[in-house]
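Input: a single structure, listed below in structure tokens.
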Amino acid sequence: MIGMKDGIVDIALLSNNGVHFNTNGEIKNLLPFKDDIPKKRLFYFLGLKTLPINSENRNVFIAGTHVYSTIDFNNDKEIGTLLIVLDANALMGSPHQAMRSGGSKIYMVDRKGTLFYSNDESARIGSAYKQIESSENDTEYFVQRGPIPDIEGEIIVKLPRSELLSGIEDIRKQAFLIFLTSLLLLTVPYLAVINNIVQPLKKLMQLMNEIKLGKLNNLKKRIRLQGYAEIIVMADDFNQMLDEIDDLTHRLLDSRTKLYESELVKKQSELAYLQSQINPHFLYNTLESIKGMAAEEGANNIFNMTKALALVFRYSIKGTDRVPLREELKIIESYIDIQKIRFGSRLGAEYRFPEEILDCKVPKMILQPIVENAIFHGIEPKVGEGLLRLEGYLSENVLHLSIKDNGVGIADQKLITLMKSDDTTAGIGLKNVNNRIKLTYGSEYGVRLNSEAGKGTEVVIMMPAGSESDV
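For the sequence shown, our numbering begins at 457 and goes up steadily by one.
See the structure below:
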């Protein structure tokens with residue numbers, strides 16, 4: 457064993473009948489340690505010792521175990537003790553060769569707190585660690601401690617705070633440069649959006665406001681827009697609508713059926729309003745959130761919010777009308793992430809959807825209007841933290857999707873108003889979802905609303921369960 461392991465400097469067998477044997481050093485130096493070895497232990501490490509080995513004092517560990525008779529083993533007859541002397545430096549390496557990355561210090565102590573290893577040149581091996589600890593200012597270090605089980609000791613690592621925090625300034629400079637570069641890169645699409653979307657939309661809204669005044673001469677005005685193809689198509693469609701309105705208005709005036717004209721415009725306005733409410737309403741609230749956060753936080757969160765917003769819009773305008781529930785939930789998580797940027801720690805969300813329902817097909821954007829109502833009408837007016845709980849389950853082949861908040865709730869009278877099927881002035885998002893469900897699956901499905909003032913609101917969407925393979 458000594459030939460195979462450089463760290464073993466001596467092996468001793470101490471018999472209870474007075475016969476002793478060792479390979480190196482003075483056997484009398486080891487005899488006092490025999491009684492320090494506990495009974496019935498597989499092995500036991502004594503603390504750091506200093507012994508003369510070959511006329512040289514060396515720091516060692518002594519591992520020992522009692523030897524029992526194999527003949528009279530049942531009576532626990534002890535016949536002697538085995539001691540192995542281990543060089544501390546050979547076990548751990550030279551302290552001066554230990555790596556000191558960034559000025560870190562390593563200390564190892566035995567069960568009595570005696571230092572047996574350190575890369576700190578000022579620390580004296582064999583001294584009490586408490587003396588070293590009392591002489592240093594630990595506020596300058598991050599201190600981590602861990603046990604050394606075999607010797608019941610402890611390892612202490614000290615990391616200088618100055619070294620750990622030295623790179624933060626460089627990181628800040630890099631982040632600032634990245635921010636400036638990103639800002640410059642975003643300028644091009646920003647200008648493109650301004651010139652091709654925002655400005656044409658302002659002209660369109662100006663004409664719409666003039667038409668809203670109700671003057672007949674304004675109905676003869678037409679608009680020509682330059683921008684993306686969608687803007688040009690929208691302008692052409694708007695002009696066609698004005699042509700139709702102008703023609704209809706003249707026919708109604710000629711026939712003096714003003715009442716009929718009023719009812720027709722009302723029905724057309726209700727239909728257009730219902731079809732166009734969700735996405736513009738969502739866009740308005742999200743952009744308001746972006747503007748508010750840009751003013752309050754110096755635009756630090758614009759990137760994340762814009763990324764999530766682009767994902768939601770791309771999802772809402774592309775693909776089929778029915779999608780797997782797992783895709784709908786990804787978009788809802790993105791939308792809630794946008795709102796978390798605005799509300800911060802005031803808004804939390806929980807998702808409880810078993811794996812077996814995630815492939816069920818649902819109408820696209822069926823959850824977003826309900827989540828939006830919960831945030832802006834339930835949680836935003838609430839004082840304190842708000843929580844959204846989204847969950848789904850199957851019951852008799854009917855898929856139930858629940859959106860529950862702990863917001864301000866809805867008063868009884870207002871709840872009755874919202875639940876009236878003939879009331880078109882309240883709950884636009886709720887009624888839109890309810891109408892989509894009923895038109896798609898039938899009148900036996902739809903939306904159920906439960907609420908109590910001050911105790912939150914729960915909206916449950918019910919529809920037949922369909923897998924991703926369903927047409």
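Beta carbons are placed, not taken as given, at the ideal position from N, Cα and C, and that holds for glycine.
Looking at residue i: is its Cβ nearer than 8 Å to the Cβ of residue j?
i: Leu843; j: Tyr807; result: no
i: Leu470; j: Gly536; result: yes
i: Pro656; j: Gln696; result: no
i: Asp566; j: Leu507; result: no
i: Glu608; j: Arg601; result: no
i: Glu666; j: Lys659; result: no
i: Val818; j: Leu781; result: yes
i: Ala579; j: Tyr563; result: yes
i: Ile822; j: Arg892; result: yes
i: Asp491; j: Leu502; result: no
i: Ile687; j: Ile650; result: no
i: Glu841; j: Gly804; result: yes
i: Asp861; j: Gly834; result: yes
i: Leu895; j: Val915; result: no
i: Tyr573; j: Ala544; result: yes
i: Ala830; j: Ile797; result: no
i: Arg707; j: Ala691; result: no
i: Asn478; j: Leu486; result: yes
i: Lys820; j: Ser790; result: no
Roughly how many angstroms separate the alpha carbons of residue i and residue j, rounded to a whole number?
i: Ile483; j: Ile518; result: 13 Å
i: Leu850; j: Glu836; result: 31 Å
i: Leu641; j: Asn853; result: 50 Å
i: Met919; j: Leu765; result: 27 Å
i: Glu812; j: Leu855; result: 11 Å
i: Lys561; j: Ile458; result: 32 Å
i: Gly848; j: Phe832; result: 22 Å
i: Leu727; j: Ile701; result: Annotation note: pLDDT 46 at Leu727 (below 50); position unreliable, coordinate value reported separately. Cα-Cα distance, rounded: 15 Å.
i: Ile884; j: Gln662; result: 25 Å
i: Gly474; j: Leu571; result: 34 Å
i: Met460; j: Gln630; result: 53 Å
i: Ile604; j: Ile627; result: 37 Å
i: Asn472; j: Ile540; result: 17 Å
i: Leu704; j: Ser711; result: 11 Å
i: Ser591; j: Ile624; result: 29 Å
i: Thr913; j: Phe799; result: 19 Å
i: Gln824; j: Asn575; result: 60 Å
i: Leu709; j: Asp699; result: 15 Å
i: Ile634; j: Thr643; result: 14 Å
i: Leu498; j: Val465; result: 21 Å
i: Ser693; j: Leu669; result: According to the sequence displayed, residue 693 carries Asp and not Ser. Distance between the alpha carbons of Asp693 and Leu669 is about 21 Å.
i: Leu636; j: Ala584; result: 55 Å
i: Gly559; j: Asp532; result: 52 Å
i: Leu814; j: Met664; result: 43 Å
i: Asp868; j: Phe632; result: 52 Å
i: Ser907; j: Ile758; result: 35 Å
i: Cys816; j: Asp777; result: 13 Å
i: Val779; j: Ile794; result: 22 Å
i: Ser638; j: Glu752; result: 20 Å
i: Ile588; j: Asp606; result: 24 Å
Contact defined as beta carbons within less than 8 Å: I believe residue i pairs with residue j. What is the distance between those atoms, to the nearest angstrom?
i: Gly520; j: Phe489; result: 7 Å
i: Ile581; j: Asn510; result: Going by Cβ atoms, the distance from Ile581 to Asn510 rounds to 19 Å, so no, they are not a contact pair.
i: Ile866; j: Val827; result: About 16 Å; that fails the 8 Å criterion.
i: Ile788; j: Leu846; result: 7 Å
i: Glu614; j: Val599; result: Here the sequence assigns Lys to residue 614, which means Glu is not the residue at that position. Contact flag correct, Cβ pair sits at about 5 Å.
i: Arg932; j: Tyr597; result: This structure gives no information on residue 932, because the portion of the chain shown stretches from 457 to 927.
i: Leu542; j: Val523; result: In fact, because the Cβ distance is near 19 Å, the residues do not count as touching under 8 Å.
i: Ile917; j: Val889; result: 7 Å
i: Val864; j: Gly910; result: 6 Å
Legend entry - Any beta strand (DSSP E) of 3 or more consecutive residues that is wholly inside the segment 785–842: 803–808 and 817–819
Legend entry - Residue ranges of each beta strand (DSSP E) within the segment 464–550, 3 or longer: 464–471, 476–478, 505–509, 512–524 and 534–543
Inset, instruction - Return the chain-ordered ranges of every beta strand (DSSP E) run that is complete within the segment 602–658 and spans a minimum of 3 residues. - result: 609–616
Inset, instruction - Please go through the segment 883–916 and give each complete alpha helix (DSSP H) segment of 4 or more residues, from N-terminal end onward. - result: 884–897
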